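**Student:** Have a look at the structure that comes next, please.
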Amino acid sequence: MNRIKIPIILVNFKTYAEATGKNAVRLSKTAEEVSQETGVNISVAPQLADLKSVCDTVSIPVFAQHIDPILPGSSTGHVLLESVKEAGAIGTLINHSERRLKLSAIEAIITRTRDANMISVVCTNNAAVSEATAALKPDIVSLEPPELIGTGIPVSKSRPEVVTETVALVRHVNPCVVTLCGAGITKGEDVAAALKLGTKGVLVASGIVKAKDPRKVFMEFAEAVLSTE
Ligand code: G3P
């Protein structure tokens with residue numbers, strides 16, 4: 026985990042048109058500019074087809090949105106760790122609520138990422154699943170209650186007790202695992218609230234990607250991080 030700096034603002038581009046193809050590169054450049062101006066770690070997770078162009082353009086950490094628990098060979102249509110690593114990704118999201126996996130697959134992917142010296146960010150839907158996931162020794166657990174995703178209702182303000190419970194349970198199981206939270210984060214105060222609850226950052230999508238002025242929101246998020254330090 027010394028490959029990325031925390032706190033971290035990790036932006037999942039999902040499959041939003043505003044963050045696809047050339048737009049993915051443009052948004053990543055904005056993230057890089059704000060990160061360089063403020064010193065706050067901003068990372069991005071573009072779609073698979075955009076990984077290489079983003080990684081070739083910016084120097085901020087770039088994550089894949091998903092990989093499959095496969096080895097090189099005959100797995101047509103799957104995502105191979107080695108291909109995203111060679112494209113320049115330093116880690117991957119795992120088990121996003123829009124790309125759920127079986128427990129055995131989550132464990133296999135965490136092991137693959139560890140062996141490849143890549144960073145694993147496992148998404149979880151509640152505190153109990155976060156606790157169980159921490160036992161698999163990922164680098165990062167990111168709590169994202171699915172019912173809040175894309176709503177603009179921030180998990181850090183509407184469900185603070187779930188966030189604090191997750192932070193405590195993950196820390197108890199494995200203090201080396203970093204906890205993030207996401208879902209509905211759209212304002213600097215949502216980011217500050219997440220950090221005050223004990224997380225080390227946020228996983229965000231629509232609040233940045235769909236914003237009229239993403240740079241302004243990036244800046245607001247970065248200032249919120251700085252204000253809690
Ligand atoms: O992975 C981030 C995510 O699912 C949260 O989405 O749009 O609520 O920030 P959003």
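Counting from 26, one number per residue, gives the positions in the sequence shown under the working numbering. From the three backbone atoms N, C-alpha and C, an ideal C-beta is built for every residue, glycine too. All of these numbers come straight from a predicted model, not from anything done at the bench.
#1: Let me confirm a value: Gln-90 is counted as buried when at least 16 other C-beta atoms fall within 10 Å, else exposed. Which label applies?
#2: Using 7 Å as the threshold, is the C-beta distance between Ser-84 and Val-69 below it?
#3: The alpha helix (DSSP H) spanning Leu-220 covers which residue range?
#4: Report yes if the CB atom of Cys-148 is closer than 7 Å to the CB atom of Glu-172, and no otherwise.
#5: Could you name the residues of the same chain whose beta carbon sits closer than 7 Å to that of Glu-190, not counting the 5 residues immediately before and after it, in chain order?
#6: State buried or exposed for Ala-219, treating a residue as buried only when at least 16 other CB atoms are found within 10 Å of its CB.
#7: Ala-74 to Val-227, Cα distance in whole Å?
#8: Comparing alpha-carbon positions, which option in Glu-245, Tyr-41, Lys-77 and Gly-223 lies nearest Phe-88?
#9: What do you reckon, are the CB atoms on Glu-245 and Gly-213 nearer than 7 Å?
#10: Using 7 Å as the threshold, is the C-beta distance between Ser-145 and Ile-135 below it?
#11: Where Met-143 and Thr-45 are concerned, what is the direct C-alpha to C-alpha distance, given to the nearest angstrom?
#12: Starting from Val-87, follow its DSSP beta bridges and name the residues at the other end.
#13: Taking buried to mean at least 16 other C-beta atoms within 10 Å of its own C-beta, is Pro-86 buried or exposed?
#14: Please determine whether the Cβ atom of Glu-169 lies at a distance below 6 Å from any heavy atom of the ligand G3P.
#15: May I have the straight-line CA-CA distance separating Ser-108 from Ile-95, to the nearest angstrom?
#16: Count the other C-beta atoms from every protein chain shown that fall within 10 angstroms of the C-beta of Ser-155, then say buried if there are 16 or more, exposed otherwise.
#17: For the ligand G3P, any of its heavy atoms closer than 6 Å to the Cβ of Asn-151?
#18: In angstroms with no decimal places, state the Cα-to-Cα distance between Ser-181 and Ile-33.
#19: Would the beta-carbon of Ser-231 be found less than 6 Å away from any heavy atom of the ligand G3P?
#20: Checking the sheet assignment: what are the DSSP bridge partners for Leu-173?
#21: Can you tell which of Ile-29, His-121 and Val-188 has the C-alpha that lies nearest to the C-alpha of Ala-230?
#22: I need the straight-line Cα distance from Pro-185 to Leu-222, nearest angstrom please.
#23: Output the distance between the C-alpha atoms of Glu-127 and Asp-164, rounded to the nearest integer angstrom.
**Tutor:** With the structure as the only source:
#1: buried
#2: no
#3: 213-221
#4: no
#5: Ala-152
#6: buried
#7: 24 Å
#8: Lys-77
#9: yes
#10: yes
#11: 24 Å
#12: Val-69
#13: buried
#14: yes
#15: 12 Å
#16: buried
#17: no
#18: 15 Å
#19: yes
#20: Paired residues: none, contrary to the question.
#21: His-121
#22: 7 Å
#23: Here the sequence assigns Lys to residue 127, which means Glu is not the residue at that position. The straight-line gap from Cα to Cα measures roughly 19 Å.
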